[in-house]
């Protein structure tokens with residue numbers, strides 16, 4: 039079993055839909071990261087969370103430390119949101135352990 | 039801020055050859071981590087350098103080695119390349135360990 043599990047693995051949505059991406063992890067962590075990866079490969083850091091909730095524009099990230107679960111929400115989705123969204127956890131060694139990512143496609 | 043720059047962006051090598059990948063960390067960042075991302079998979083931790091010293095290593099053989107320079111830029115060296123080394127290699131820098139990461143765009147290595 040992977041230390042970081044993401045669901046769903048793929049998601050296709052229509053422009054304007056509200057989208058939720060889930061991440062569950064099985065180890066103790068100091069922080070959780072949500073990252074966005076576009077087809078060219080480059081990764082953009084969206085959020086770094088250790089508790090509660092963060093919001094940036096149309097993106098909201100939440101984490102429940104007791105349940106070892108985090109969600110990334112996208113409101114009013116747009117085709118430019120199409121990308122792979124990766125959850126990564128940071129433990130005591132400070133290395134990141136990544137999930138496999140979720141491929142999101144938003145159609146106009 | 040200039041962000042994290044990786045070079046080259048793409049590279050094709052023959053099995054058995056050696057390769058050096060380079061990473062310039064974001065200004066002020068003293069920690070660099072390297073990751074290998076195979077197609078369709080999440081990145082896997084190779085190693086981390088903090089102030090020029092290796093500060094953690096993942097499950098990669100010794101033919102994967104690294105270096106961090108006084109200006110905190112870094113190199114990843116892979117000897118005796120194997121076909122399975124074909125992947126996207128990502129570099130991420132951070133200000134001290136345990137803080138947020140800035141990622142480069144990666145180097146896509148193809149071993150034929």
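Residue numbers (my numbering), protein chains in the order written: chain A, 39 to 146; chain B, 39 to 150.
From the three backbone atoms N, C-alpha and C, an ideal C-beta is built for every residue, glycine too.
Computed from a prediction, not measured in an experiment: that's the story for all the values here.
Whole-Å CB distance - residue i paired with residue j, under 8 Å assumed
| i | j | result |
| --- | --- | --- |
| residue 58(A) | residue 120(A) | Actually they do not touch by this definition, with Cβ atoms about 16 Å apart. |
| residue 124(A) | residue 111(A) | At roughly 16 Å, the Cβ-Cβ gap does not stay under 8 Å, so residue 124(A) and residue 111(A) are not in contact. |
Helix, strand or coil at residue i [DSSP, three-state]
| i | result |
| --- | --- |
| residue 133(B) | coil |
| residue 126(B) | strand |
| residue 118(A) | helix |
| residue 121(B) | helix |
| residue 105(B) | strand |
| residue 75(A) | strand |
| residue 56(A) | coil |
| residue 107(A) | strand |
Residue i burial status per 10 Å Cβ neighbour count (16 or more: buried)
| i | result |
| --- | --- |
| residue 130(B) | buried |
| residue 56(A) | exposed |
| residue 81(B) | buried |
| residue 64(A) | exposed |
| residue 123(B) | buried |
| residue 128(A) | buried |
| residue 75(B) | buried |
Beta-carbon proximity check, residue i vs residue j, cutoff 8 Å
| i | j | result |
| --- | --- | --- |
| residue 135(A) | residue 116(A) | no |
| residue 62(A) | residue 107(A) | yes |
| residue 93(B) | residue 104(B) | no |
Does the stretch 74-92 of chain A come within contact of the stretch 123-141 of chain B, defined as at least 3 CB pairs closer than 8 Å? Flag = yes, the stretch 74-92 of chain A and the stretch 123-141 of chain B touch.
Quick one: any contact between the stretch 42-58 of chain B and the stretch 84-96 of chain A, if contact means 3 or more CB pairs under 8 Å? At 8 Å Cβ cutoff, the stretches do not touch.
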